[in-house]
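Enquirer: These protein sequence lines map, in sequence, to chains A and B. Position in the first sequence (first residue = 1) + 1206 = this note's numbering. Letter 8 of the second sequence, counting from 1, is numbered -7 in this note's numbering, and no numbers are missing. All residues carry an ideal CB built from backbone N, CA and C; glycine is no exception. Quick one: structure below, then a few questions.
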Amino acid sequence: MTLSSVKPLDPKEFDERKAQHLLQRAGFGGTTKQAVALSKLGLEKAVEYIVEYNNITDPEPVLLDAYDKDIIRPLTAAERKVALKARQDKDEDTVDKLRKERQRRQREDRKQISEMELWWLQRMVSTPRPLEEKLTLFWHGHFATGYRTIEDSYQMYLQNNFFRKNAMGNFKEDLVRGIIHDPAMIKYLNNHQNRKQAPNENLARELMELFTLGEGEGYDEDDIKEGARCLTGYTVEDHDFTFNSRNHDTGQKRIFGRSGYYDGDDFVDLIFTRPNVAKFIVNKLYRYFVNDLPHGKTADSKKFTISISNLLKRKNWELKPILKTIFLSEHFYDDSNMQAIIKSPVQLIVQATRSLNPPQRRKMVQTLAVSADLMGQRLFAPPSVKGWDGGRMWINTSTMFMRQNTLLYLLTGQRPGSASWEADNNQFNGMALVEGNTRDPKDAITFLLTALLNQDKHDRDRVASLENYMKTQNNTINNETVTGLLTLITAMPEYQLC
Amino acid sequence: MSHHHHHEQEDSSSTGSTDAYSRRLFMQQGMAFLSMATTVPMFMQRSAEGIMLPVGSLVSSQAGIPEDHTLVVIQLAGGNDGLNTVIPYGDREYYINRPQIGIKEPGKGDSSALTIPGADGFGLHPNLTGLRNLLDDGQAAIIQGVGYPNPNRSHFTSTDIWHTGNHSGQGYGWLGKYFDNTCEGQPSAVSSIAIGNKAPLALHGKTQKAVNFETEELFKWAGGSVNDDLEIPYDEINRKEIREAHDRDSQLDFLVRTSLDAQVSSERIRSAVSTRPLVSYPNGKLSQQLQLIGSMIRADLPTRVYYASLGGFDTHANQLNGHANLMRQLGDALNTFQKDLAKQGNTKKVLTMVFSEFGRRVKQNGSSGTDHGTAAPMFLIGDNVQNGLIGKHPSLTELDQGDLKFNTDFREVYSAVLEDFMGADPKAILGKKYKKAEVLT
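This is how it looks when you write it as structure tokens:
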């Protein structure tokens, strides 16, 4: 009975539009052709294709040695000795030399994190396994860690690969247990400073408040203090997790009314006995994949998330079955859930690139990364441990123009957000997009509106504005006028939705 | 909204005259009345929901804000060297710690400090002649040794601390919270404007969102420069409601209204800054920003907070020339801005606050520069400030890890500004009651 709210969509109803919806939500959208192909597979096989991405060969497997792991490294014993001696001797020249060397490394590391940012953005654009990257981005926002606090790009890289590897794994065993062993997270939330003699509660608090239970949901300040004791000694040595038993508090702890000689891993087990964990993470996944509910839950969404939460518990925290169930469900394809989420800046950019196929432009990925930052989302630099608020917080008058101008850049080469408007004249091949709909401007307009907004019916005034534009162009359909139409459609408020 | 409106607006925006401006303003209000049932710009809807605003209300005061008081905040980004800004030349420790970069005491030839009337032993950086002028005019408060407990020496974290007003550096900005608290349902889409490519955290509130742009030309859609013919359909698209029924306050409705806000704000801002300023501003990045802000104040935008910033203060090496150049820009820009406001007759309503995320280490480093430090001076400029040097200069010998100990918590300054200039309750915004610094009259 409870499963009625997650009943699958009638396969007959799985059309191009719904296939495009699946592409957008379980990834970053695609071309009309891709949506058609996916719809032809039929619902079950389409969802299988998207979710079982491990069956698709990754043409660019992530390599751990793709980046320099030693730019920021701990000083060797010898180096420490030199530094100490220079300080003691007030040997200004040596102190200054060491400082300059440290600053040089920091500069080099900032360069490396920027390269990683471009690498990831590019990977999202080109991957044949979009759900993998979409989930990696989800976990990056969920277990948010910022480079500017930890200042070690290689640890961010390791964490990014940890998210990717476990993107659709087990929420408890892979992700939450993994994150308390993750060097970047340990440093970000000061757990390397969490010692028996001087506990630091930061990780214990966020582990419950932001990662598993939700603020104030089923724990109190004492549980945080005791949880922090459990996590003492969970620290980092260079790029590896290490358990420092000398700093670990081996005493008895009392958490959620139970007592024992718990360590950090026991603490995770205890948290997962709390009733709110499934609901908390399912709600967050729901807001990311189904509907971000600016006005709170509706009756339908409530029923749906409760069923999915129960399923997650039955499946012992395995994520794949619940994602499949979501993507197969009638609810996921309900009209009220289509074009209902405000695209994140990364979604906007990656989706536009994947679905429009703009020409390569000079320093294109750099430009797009800067745009995303100006729209409020910089990869590896979420604003706080809460991650990105998302939804309406993405939008203000300035980011609205930035969004429109970023699309203008993709289509025409006009560089956004820069006083020097360096145009890139690589022309967009608009004709490739409207292929087969080129004779009548009305057909072309309908086709483009459908493709870009994933709508089945179009607002009359919008159509009229586009038709008026075509009249000023003598109703000629060519690369330039199709590009013109696209700049207008992508400047529509509704283009911000997916 | 019909097509006519659109064209009338286009016509009036092509001229910069006051007449055209009032007409456009009228059109904006008229537009809102006509379309109340369908799509209303966000700022109209938040404030008015059916309450008719009298003509002109967009440029007059907002509920909860004293008249038209306007705060201009300037951040010296990178950590300004306070000890080479306000020079404690009377203290020999200063020269002991800074053999290469210390500024000579007044009257000791080229590049010696400027005197500060009534403050023996303390001078201003020789290039701060603009600030010295403001002191002579009774318009500058120099608050010494401003900081906070357990100082953080990271640019990012310390900036966040100054922007939020709390030591974690987490949460909303202090000025964002000011708007959230005092003007629930505030009626303007341009309540706060930051010059720069990102809105600073200080202006982020729960509901308050700042407008930001580097130059006004970037605060608009650039499609018209690709093809003129795109302008009209673009305007239709971004100023019109969607006819198909949709929920009030759905995501789409929200986007449509923000988009309309963007068009209206863009037009008002670009019209405001299209006029030639009453005084001629010197070159320099801060000057350019203050010139824009001066024009917007002159055009009577309903903006209560403007934000500008000048970078380059992270002077780790060979700082003398670079810092001198920044001091010149700062003093001249502040002085010119104040002259502009005086010609406008706006000095009473505008208060300018200058801060940096931290000062710098007392002792110079091995590269004739200075490393990250703690307390530093803040400036307040305007008609109603306590003119002169305020507070005690931190000791150069009683240090905390080589850094100055603060005497005035920056939140004491915020509290004075919030309560006495903005008419707000500082406790509601800062979460705690701080003693008010005696900086305003």
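Where does L286(B) sit, in a helix, a strand or coil, going by DSSP?
Expert: Translated into positions along the second sequence, residue 286(B) becomes position 301. DSSP places L286(B) in coil when its eight states are reduced to three.
Enquirer: If L1525(A) sits next to M1374(A), beta carbons under 8 angstroms apart, how far is it from one beta carbon to the other, in whole angstroms?
Expert: Position 319 of the first sequence holds residue 1525(A). Position 168 of the first sequence holds residue 1374(A). Confirmed, Cβ separation roughly 5 angstroms.
Enquirer: Can you find the residues in the same chain that come closer than 7 angstroms, C-beta to C-beta, to V264(B), ignoring five residues on each side of it along the sequence?
Expert: The sequence position of residue 264(B) within the second sequence is 279, counting from 1. Excluding residues within five positions, the ones whose Cβ falls inside 7 angstroms are T321, K324, D325 and K328.
Enquirer: Do you know offhand how far H1227(A)'s Cα is from T1238(A)'s?
Expert: Here residue 1227(A) is taken as the residue at index 21 of the first sequence, counted from 1. Here residue 1238(A) is taken as the residue at index 32 of the first sequence, counted from 1. When rounded, the distance between both Cα atoms is 11 angstroms.
Enquirer: What are the residues that DSSP puts in a beta bridge with S97(B)?
Expert: Taking the first residue of the second sequence as 1, we reach residue 97(B) at position 112. S97(B) is bridged to K89(B).
Enquirer: For A48(B), does the count of other Cβ atoms within 10 angstroms reach 16, so buried, or fall short, so exposed?
Expert: Translated into the one-based positions of the second sequence, residue 48(B) becomes position 63. Low confidence applies here, because A48(B) scores a pLDDT of 46, under 50, leaving its location unreliable and the question unanswered by this model.
Enquirer: Which class does I128(B) belong to by DSSP, given the choice of helix, strand or coil?
Expert: As a first step, residue 128(B) is located in the second sequence; it is residue number 143 there, counting from the start. Correct three-state label for I128(B): strand.
Enquirer: Answer with buried or exposed for T1689(A), where buried requires no fewer than 16 other C-beta atoms within 10 angstroms of its C-beta.
Expert: Residue 1689(A) sits at position 483 when you count from the first residue of the first sequence. It counts as buried.
Enquirer: At which residues does the beta strand (DSSP E) containing G373(B) begin and terminate?
Expert: Within the second sequence, numbered from 1, the residue matching residue 373(B) stands at position 388. Start and end: G373 to I375.
Enquirer: With distances taken from CA atoms, which of M312(B), G387(B), A318(B) and A409(B) is nearest R289(B)?
Expert: As a position in the second sequence, residue 289(B) is number 304, starting the count at 1. The shortest Cα separation from R289(B) among M312(B), G387(B), A318(B) and A409(B) belongs to A409(B).
Enquirer: Counting only runs that start and end within the region 1568 to 1598 of chain A, where is the beta strand (DSSP E) found for 3 or more residues in a row?
Expert: none
Enquirer: Between D1216(A) and the rest of its own chain, which residues show a CB-CB distance below 8 angstroms, the 5 nearest in sequence each way excluded?
Expert: Walking along the first sequence from the start, residue 1216(A) turns up at place 10. Once the five neighbours on either side are set aside, the close Cβ partners of D1216(A) are E1536.
Enquirer: Which partner residues of M338(B) appear in the DSSP bridge assignment?
Expert: Counted from its first residue, the second sequence places residue 338(B) at position 353. For M338(B), which the question treats as bridged, DSSP gives the partners V58(B) and L365(B).
Enquirer: Counting only beta-carbon separations shorter than 7 angstroms, does R1354(A) have a partner in chain B?
Expert: Mapped onto the first sequence, residue 1354(A) falls at position 148. Closer than 7 angstroms to some Cβ of chain B, the Cβ of R1354(A) qualifies, so yes.
Enquirer: How is Y292(B) classed by DSSP in three states: helix, strand or coil?
Expert: Reading the second sequence from its first residue, position 307 is the one you call residue 292(B). Three-state DSSP puts Y292(B) in a strand.
Enquirer: In the structure shown, what three-state DSSP assignment does S177(B) receive?
Expert: As a working mapping, residue 177(B) is identified with position 192 in the second sequence. Strand at S177(B).
Enquirer: Give every residue of the same chain whose Cβ lies closer than 8 angstroms to the Cβ of S353(B), excluding the five residues on either side of it in the sequence, and list them in chain order.
Expert: Taking the second sequence and counting its residues from 1, the one referred to as residue 353(B) is at position 368. These residues qualify, in order along the chain: Q85, I86, A302, N303, Q304 and L305.
Enquirer: For G1690(A), which of helix, strand or coil comes out of DSSP?
Expert: Numbered from its first residue, the first sequence carries residue 1690(A) at position 484. In this structure, G1690(A) counts as helix in the three-state DSSP scheme.
Enquirer: At the level of alpha carbons, what is the spacing between Q1679(A) and S1671(A)?
Expert: Numbered from its first residue, the first sequence carries residue 1679(A) at position 473. Numbered from its first residue, the first sequence carries residue 1671(A) at position 465. The straight-line gap from Cα to Cα measures roughly 13 angstroms.
Enquirer: Rounded C-beta distance between Q1557(A) and Q1230(A)? I'm assuming under 8 angstroms.
Expert: Locating residue 1557(A) in the first sequence gives position 351, counting from the first residue. Locating residue 1230(A) in the first sequence gives position 24, counting from the first residue. Contact holds; Cβ gap of about 6 angstroms.
Enquirer: Using CA coordinates, which residue listed in S96(B), A104(B) and H357(B) is at the minimum distance from G376(B)?
Expert: Along the second sequence, one-based indexing puts residue 376(B) at 391. Checked all of S96(B), A104(B) and H357(B); the closest Cα to G376(B) is A104(B).
Enquirer: According to a CB-to-CB cut-off of less than 7 angstroms, which residues of the region 1581 to 1600 of chain A neighbour chain B?
Expert: S1590 and R1598
Enquirer: Y219(B) touches chain A at which residues, Cβ-Cβ below 7 angstroms?
Expert: Translated into positions along the second sequence, residue 219(B) becomes position 234. Chain A residues near Y219(B): L1694 and A1697.
Enquirer: Our contact map puts W206(B) next to Q1610(A) with C-beta atoms below 8 angstroms; I'd like the distance itself, whole angstroms only.
Expert: As a first step, residue 206(B) must be located in the second sequence, where it is residue number 221. As a first step, residue 1610(A) must be located in the first sequence, where it is residue number 404. Contact between W206(B) and Q1610(A) holds: CB atoms are separated by about 5 angstroms, below the 8 angstroms threshold.
Enquirer: Is it true that the CB of G64(B) sits closer than 7 angstroms to the CB of R261(B)?
Expert: Here residue 261(B) refers to the residue found at position 276 of the second sequence. Here residue 64(B) refers to the residue found at position 79 of the second sequence. The answer is no: Cβ separation not under 7 angstroms.
Enquirer: What residue does the alpha helix (DSSP H) around T114(B) start on, and which one ends it?
Expert: Translated into positions along the second sequence, residue 114(B) becomes position 129. Looking at the DSSP string, the run of the alpha helix (DSSP H) that includes T114(B) is T114 to D121.
Enquirer: What does a CB cutoff of less than 8 angstroms around Q124(B) pick up in its chain, not counting 5 residues either side in sequence?
Expert: Here residue 124(B) is taken as the residue at index 139 of the second sequence, counted from 1. Only Q323, T332, I366, G367, D368, V370 and N372 meet the Cβ criterion.
Enquirer: Apart from the five residues on each side of it in sequence, which residues of its chain come closer than 7 angstroms, Cβ to Cβ, to Q274(B)?
Expert: Translated into the one-based positions of the second sequence, residue 274(B) becomes position 289. Closer than 7 angstroms at the Cβ level, and outside the excluded window around Q274(B), lie I180 and A293.
Enquirer: Just the C-alpha distance for A1390(A) and F1447(A), rounded to the nearest angstrom, thanks.
Expert: Working through the first sequence from its first residue, we reach residue 1390(A) at position 184. Working through the first sequence from its first residue, we reach residue 1447(A) at position 241. Going from the Cα of A1390(A) to the Cα of F1447(A) covers about 10 angstroms.
Enquirer: Can you tell me where the alpha helix (DSSP H) holding S1465(A) begins and where it ends?
Expert: The residue you call residue 1465(A) lines up with position 259 of the first sequence. Premise fails: S1465(A) lies in the beta strand (DSSP E), R1464 to G1466, not in any alpha helix (DSSP H).
Enquirer: Measuring straight from C-alpha to C-alpha, what distance separates K1291(A) and R1310(A)?
Expert: Along the first sequence, one-based indexing puts residue 1291(A) at 85. Along the first sequence, one-based indexing puts residue 1310(A) at 104. Using only the alpha carbons, I get a separation of about 22 angstroms.
Enquirer: Note the first and the last residue of the continuous alpha helix (DSSP H) segment covering K1224(A).
Expert: In the first sequence, residue 1224(A) corresponds to position 18, counting from 1. Per DSSP, K1224(A) belongs to the alpha helix (DSSP H) from E1222 to R1231.
Enquirer: Can you give me the start and stop residues for the beta strand (DSSP E) that T1441(A) sits inside?
Expert: Reading the first sequence from its first residue, position 235 is the one you call residue 1441(A). Counting along the chain, the beta strand (DSSP E) containing T1441(A) begins and ends at Y1440 to E1443.
Enquirer: For V1268(A), count neighbouring C-beta atoms within 10 Å of its own C-beta (all shown protein chains included) and say buried if the count is 16 or more, exposed if not.
Expert: Your numbering for residue 1268(A) matches position 62 in the first sequence. Exposed, by the Cβ-count rule.
Enquirer: Kindly indicate which three-state DSSP category D1276(A) falls into: helix, strand or coil?
Expert: Numbered from its first residue, the first sequence carries residue 1276(A) at position 70. Three-state DSSP puts D1276(A) in coil, outside helix and strand.
Enquirer: Please report the residue range of the beta strand (DSSP E) in which R1559(A) lies.
Expert: Residue 1559(A) sits at position 353 when you count from the first residue of the first sequence. With the sequence shown as reference, residue 1559(A) is identified as Thr, and Arg is not the correct amino acid for it. That residue, T1559(A), is in no beta strand (DSSP E); its alpha helix (DSSP H) goes P1551 to L1562.
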